[in-house]
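Numbering (the numbering used here), first residue to last: 18 to 419. The next block holds one structure in the form of structure tokens; read it before the comments.
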Amino acid sequence: MSAYGDGKYDCDVLVIGGGIVGLSTAYALTRAAPGTRVVVLEKETGPARHQTGRNSGVIHSGIYYRPGSLKARYAVRGAAEMVKFCAEYGLPYEVTGKLIVATERDELPRLHALVQRGRENGIPVRELGPAQISEYEPQVRGLAAIHVGTTGVCDYGAVAAQLAESSGADVRYGAEVTAVDRRPWGVAVRTSAGDIVRARLLVNCAGLHCDRVARLAGDEPGVRIVPFRGEYYELVRPELVRGLVYPVPDPAFPFLGVHLTRGIDGGVHVGPNAVPALAREGYGWSTVRSRDLAGTLTWPGSWHIARRHWRYGAGELRRSASKRAFTEAVRRLLPAIGPGDLRRAPAGVRAQAVLRDGTLVDDFLIQEAPRTVHVLNAPSPAATASLPIGREVARRALAQLR
């Protein structure tokens with residue numbers, strides 16, 4: 018790609034990725050610096066087609082995350098802001114609260130640790146015994162639980178579409194980035210259609226492909242995106258669940274376990290599990306992309322994960338292969354259901370950044386390079402935290418433009 022030398026830019030900031038983080042960044046840019054020209058390039062035909070639009074729609078409270086981390090700070094702040102955003106624009110949402118339920122005695126210390134973590138993060142929590150659990154969720158059984166009142170649900174696809182409209186950015190769909198030419202004076206990007214877009218600065222919010230975009234720009238991100246598919250069912254009898262019910266998570270993993278979520282449409286999603294995806298957009302076992310699979314298998318971190326967590330992984334694979342096994346996991350929380358109460362629902366894929374030594378990147382990860390800002394790890398709760406994440410990315414981008 019040849020550089021341009023006439024000094025003319027198509028925009029000030031070029032954002033790659035039309036998910037909720039990229040669109041929130043565009044929204045934040047035009048509010049922080051009115052008159053900033055922003056172009057968003059999205060390879061799909063509309064916004065929020067991957068992580069943003071393929072989750073259970075939960076507005077997370079921030080209770081799980083290490084105090085002081087970006088996840089903790091941005092989720093707590095972002096939950097309140099997401100509710101306000103939905104109310105302002107007339108988007109569907111509901112603050113339902115949720116239960117985190119211990120069903121085994123060895124989970125009780127972890128549950129008590131969550132109570133402390135919630136309080137450190139400024140989140141009001143209430144501890145419950147078995148009888149009190151039944152007051153919130155008559156069909157749920159457990160030894161103890163905590164109630165988190167600030168958790169809710171919304172439609173993140175609708176939020177992303179509103180961000181695109183309200184940002185005033187030029188959002189271009191069907192525009193997959195194939196090359197990036199970065200020079201001291203700015204960047205020029207080529208799309209699969211052969212179009213060239215010139216900008217003073219590039220923001221990489223490419224989600225499942227963010228590490229590849231970083232390398233296109235000439236940066237080595239130091240992480241590889243390893244995709245994990247989350248498979249969902251939905252309850253045939255949604256009346257069994259009033260709100261949101263979660264197990265006590267294992268702190269060794271970034272996944273929250275199979276949980277029950279009454280969505281904004283009144284249906285109840287069950288899941289997800291977490292299994293390796295054979296493609297970065299691999300929403301089923303039949304979707305295999307050799308380039309994606311080779312990228313995962315040649316990354317040393319993938320093998321470190323497999324050796325370290327093979328027992329956990331084997332359980333997840335079993336629940337993927339067997340509806341009965343999946344049902345058994347759900348019955349720990351909701352004993353009234355059987356396999357006939359579950360029907361398949363669309364899956365999602367989590368873009369998890371993994372270090373070379375197999376460490377799963379635990380926090381949001383934002384890196385800067387000349388004329389570039391890369392968002393390299395933004396899995397859940399990134400949708401909840403998208404407004405604060407967008408402001409932080411916009412702040413860094415505008416600082417480079419000054």
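We treat Cβ as the ideally placed atom computed from N, Cα and C, and that holds for glycine. For clarity, every value in this text was computed on a predicted model and none was experimentally measured.
Residues that DSSP places opposite residue i in a beta bridge
i	result
Cys28	Ala216
Asp198	Ala205
Asn394	Leu382
His276	Gly288
Asn221	Ile33 and His391
Cys103	Its beta-bridge partners do not exist; DSSP assigns none.
Tyr249	Ala362
Ile117	Ile163 and Tyr263
Cys227	The partner list for Cys227 (beta bridge, DSSP) is empty, contrary to what the question assumes.
Ala368	Pro244
Ile76	Gly169
Arg189	Leu58
Tyr110	Cys171
Leu377	Val371
Glu425	Outside the shown range of the chain, which is 18 to 419, sits residue 425, and nothing can be said about it.
Pro293	Phe245
Anticipated Cβ contact below 8 Å, residue i with residue j, distance rounded
i	j	result
Val5	Val410	With the chain running from 18 to 419 in the structure shown, residue 5 is simply not present.
Phe245	Val176	The pair is not a contact, with the Cβ atoms about 23 Å apart (cut-off 8 Å).
Gly407	Thr42	4 Å
Glu61	Tyr153	So it is not a contact: roughly 39 Å between Cβ atoms.
Arg241	Gly318	6 Å
Ala162	Val118	4 Å
Glu256	Val287	Contact doesn't hold; Cβ gap of about 14 Å is too wide.
Gly247	Ala364	6 Å
Val305	Ala296	6 Å
Ala294	Val366	5 Å
Gly74	Tyr173	6 Å
Val157	Val262	5 Å
Gly114	Val165	6 Å
Leu8	Ile150	A query on residue 8 cannot be resolved here, the shown segment of the chain reaching from 18 to 419 and no further.
Glu59	Val204	Not a contact, Cβ separation roughly 17 Å.
Where residue i falls, given that 16 or more other Cβ within 10 Å makes a residue buried
i	result
Gly34	buried
Gln133	exposed
Ala223	buried
Pro405	buried
Gly146	exposed
Ala402	buried
Asp309	buried
Asp212	exposed
Thr315	exposed
Gly107	exposed
Arg217	buried
Leu351	buried
Leu418	exposed
Lys88	buried
Gly139	exposed
Gly355	exposed
Ser184	buried
Ser19	Reliability of the predicted coordinates at Ser19 is poor, the pLDDT of 34 falling under 50, and no value is obtained from them.
Glu377	Looking at the sequence shown, residue 377 is not Glu but Leu. Result: buried.
Gly22	Low per-residue confidence applies at Gly22: pLDDT is 40, beneath 50, and the placement is therefore not dependable enough to give any value.
Glu144	exposed
Ser339	exposed
Arg324	exposed
Gly284	exposed
Glu105	exposed
Asp282	exposed
Residues of its chain near residue i, where Cβ-Cβ distance is below 7 Å and the 5 sequence neighbours each way are ignored
i	result
Arg335	Ala342
Gly63	Tyr190
Arg361	Tyr250
Ala186	Ala43, Thr47, Val55, Val56 and Val57
Val347	Val275, Val287 and Ile354
Glu333	Asn290, Ala291 and Val292
Phe270	Tyr329
Ala414	Val30, Leu46, Leu218, Val220 and Val390
Cβ neighbours of residue i in the same chain (closer than 6 Å, five flanking residues each side left out)
i	result
Arg127	Val265
Thr389	Leu219 and Ala234
Thr120	Gly159 and Arg349
Ile322	Gly375
Ile383	Val392
Val258	Leu277, Arg279 and Val285
Residues of its chain near residue i, where Cβ-Cβ distance is below 8 Å and the 5 sequence neighbours each way are ignored
i	result
Gly357	Val253
Near the ligand HEM: residue i beta-carbon under 7 Å from a heavy atom
i	result
Gln133	Questions concerning the ligand HEM fall outside what the structure shown contains, since it holds no ligand whatsoever.
- Stretch-stretch touch, CB-based, cutoff 8 Å, three pairs: the segment 387 to 399 with the segment 359 to 371: Yes, since at least three Cβ pairs between the segment 387 to 399 and the segment 359 to 371 fall closer than 8 Å, the two stretches touch.
- Message: Below 8 Å, how does it come out for the segment 183 to 201 and the segment 221 to 235: are there three or more Cβ pairs, yes or no?
- Response: The segment 183 to 201 makes contact with the segment 221 to 235, as at least three CB pairs between them are under 8 Å.
- Message: Does the contact criterion of 3 or more C-beta pairs under 8 Å hold for the segment 28 to 43 versus the segment 66 to 74?
- Response: Yes, the segment 28 to 43 is in contact with the segment 66 to 74.
- Item | Sufficient close CB pairs (3 or more, under 8 Å) joining the segment 172 to 188 to the segment 79 to 92 | No, the segment 172 to 188 is not in contact with the segment 79 to 92.
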